[in-house]
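See structure below.
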Amino acid sequence: MLVEEPCYLAALQTFALAGARVIGVPYVDDELDLDALEQLAAEHRPRFFYSVPTFQNPTGRTHDVAARSGIADIARRRGFRIVEDEPYRELRYSGDPLPSLAEYAPEHVISLGSFSKVIAPGLRIGWVRATPDIRPSITIAKQAADLHTSTVDQAAAAHYLASGRSDSALARIREAYAARRDAMLDALPDALPPGSAWNRPDGGMFVWARLPEGFDAAESLSGALSNDVAYVPGLSFYSGTPDPRTLRLSFTTYAPARITAGLSRLGASWGTGR
Ligand SMILES: Cc1ncc(COP(=O)(O)O)c(C=O)c1O
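Residues in the sequence shown are numbered consecutively from 3, following the numbering used here.
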C-alpha cells in the first residue's frame with residue numbers, strides 16, 4: 003500500500019490492522035513527489051495508492067490538475083488501484099473545484115465519500131464508487147465488518163437529502179468555516195515561533211504547520227495544553243520517519259473570536275512546556 007506521507011491516521015491504523023505493508027510517498031514542499039511515486043511503484047509493485055486528494059487530513063493539501071493526471075497516469079502504467087478518499091471535497095472556501103481522480107483513470111480508482119463532514123459524523127454513512135469487478139469483494143468485506151449500515155440512519159439521511167435543505171446547510175457551513183480559516187490564518191503569524199511555516203488551504207478543516215529548527219511539536223504540546231489550547235503533533239500521521247517539527251491545527255470547531263483568543267494563548271505557550 004502506498005500512502006501520502008504524512009497520511010490520515012485512521013487509514014494508517016486500518017491498513018496496519020489488515021496486515022498491509024505501508025510505504026509513504028513524500029512531498030516536495032506542498033506537492034506530492036510524482037517521481038518518488040513512480041519509483042516506489044516500480045520498486046514495490048503496490049496493489050493500492052491511498053490518497054486524500056482534496057484538503058487532505060492532516061495537511062489541508064490538494065493535488066492540482068497536473069498532479070491528479072500524473073498520479074492517474076502512473077497508476078495506469080504501473081497497474082495499481084487508487085483509493086481516493088474525499089470526505090472534504092464539498093468544503094471548499096476558495097478556488098475552483100477539481101476533477102476527481104476517477105475522472106482521469108475510471109478503471110483504476112475506488113472513490114470514497116462521506117456524510118460525516120457535511121451532514122453529521124454520527125450518521126456513520128458514506129459511499130463507495132468502484133468498478134463492477136471489485137464490488138462483490140467490497141460487499142463481503144463490509145458485511146464481515148458491520149453486517150449492514152443502520153437502516154434507520156439511512157432513512158434519516160435519505161429524508162434529509164430529499165427535503166432539499168442540504169444545499170443551503172452546506173452554504174452556511176462553507177461560509178462559517180471560511181471565516182474560521184481566515185481567522186486562523188490571520189492570527190498565525192503571531193501565534194507560532196518566528197521562522198515557522200504553514201500553508202493556506204482552500205478548504206477542509208486543517209492548517210499544517212512546521213516549527214523552526216530546534217522545536218519539537220510533541221514536546222511543546224504540554225505547554226499549549228496548560229494554556230488551554232491544543233493541536234495535534236504531526237508525528238502520528240507518518241508511516242515512516244516522522245518530522246517532529248510538524249503539527250496539525252484544526253479551525254472548524256470554534257467561532258473566529260475564540261480561534262483568535264486560542265491562538266494568542268498558543269503564542270504565549272512556546273517554551274513553557276519544554
Ligand atoms: C481522510 C478522512 N477519511 C475518512 C474520515 C472519516 O470519515 P467517516 O466519518 O465517514 O468514517 C476522515 C475523518 O476524519 C478523514 O479525515
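We put the CB at the ideal spot given by N, CA and C, even for glycine. Quick caveat: nothing in here was measured; it's all calculated off a predicted structure.
Extent of the continuous alpha helix (DSSP H) to which residue i belongs
| i | result |
| --- | --- |
| Thr324 | Shown here, the chain extends from 3 to 276; a query on residue 324 therefore has no answer. |
| Asp155 | Thr153 to Ala164 |
| Glu105 | Leu103 to Tyr106 |
| Thr16 | Leu11 to Leu19 |
Collapsed DSSP secondary structure at residue i in the structure displayed
| i | result |
| --- | --- |
| Pro196 | coil |
| Val24 | coil |
| Ile112 | strand |
| Arg267 | helix |
| Glu6 | strand |
| Leu42 | helix |
| Arg260 | helix |
| Arg80 | helix |
| Val87 | The question names Val, yet the displayed sequence has Asp at residue 87. In this structure, Asp87 counts as strand in the three-state DSSP scheme. |
| Leu172 | helix |
| Leu34 | strand |
| Thr274 | coil |
Expected contact under 8 Å - CB spacing of residue i and residue j to nearest Å
| i | j | result |
| --- | --- | --- |
| Ser238 | Leu11 | 5 Å |
| Val27 | Leu14 | Their Cβ separation, rounded to whole angstroms, is 13 Å, which puts Val27 and Leu14 out of contact at 8 Å. |
| Arg83 | Phe50 | 5 Å |
| Pro89 | Gly115 | 7 Å |
| Ala74 | His110 | 7 Å |
| Pro214 | Trp272 | 10 Å between Cβ atoms; not a contact. |
| Tyr1 | Leu251 | It is not possible to answer for residue 1, since the shown part of the chain is limited to 3 through 276. |
| Gly236 | Thr248 | 3 Å |
Proximal residues to residue i (C-beta, below 6 Å), its chain only, five neighbours per side dropped
| i | result |
| --- | --- |
| Ala69 | Leu34 |
| Gly97 | Asp204 |
| Ala107 | Ala74, Ala77 and Arg78 |
Sequence-distant residues of its chain with Cβ nearer than 7 Å to residue i (five each side left out)
| i | result |
| --- | --- |
| Arg91 | Thr56 |
| Tyr95 | Arg176, Tyr179, Ala180, Arg183, Asp204 and Gly205 |
| Thr262 | Ala185 and Ala189 |
| Ala132 | Ile112 and Ile140 |
| Asp32 | Arg63 and Asn201 |
Enclosing beta strand (DSSP E) for residue i [first to last residue]
| i | result |
| --- | --- |
| Ile121 | Taken as a continuous stretch (DSSP letters only), Ile121 belongs to no beta strand (DSSP E), as it is neither H nor E. |
| Gly2 | This structure gives no information on residue 2, because the portion of the chain shown stretches from 3 to 276. |
Residues near residue i in its chain [Cβ-Cβ closer than 8 Å; skip 5 each side]
| i | result |
| --- | --- |
| Pro101 | Val67 and Arg70 |
Runs of alpha helix (DSSP H) lying entirely within the region 175 to 253, each at least 4 residues, in chain order: 219 to 228
Any residues whose CB sits closer than 6 Å to a heavy atom of ligand 3? List them in chain order? Absence of ligand 3 is noted for the structure shown, with ligand 1 being the only ligands found.
Go through the region 49 to 75 residue by residue and report every complete run of the beta strand (DSSP E) that reaches 3 residues or more, in order. 50 to 53
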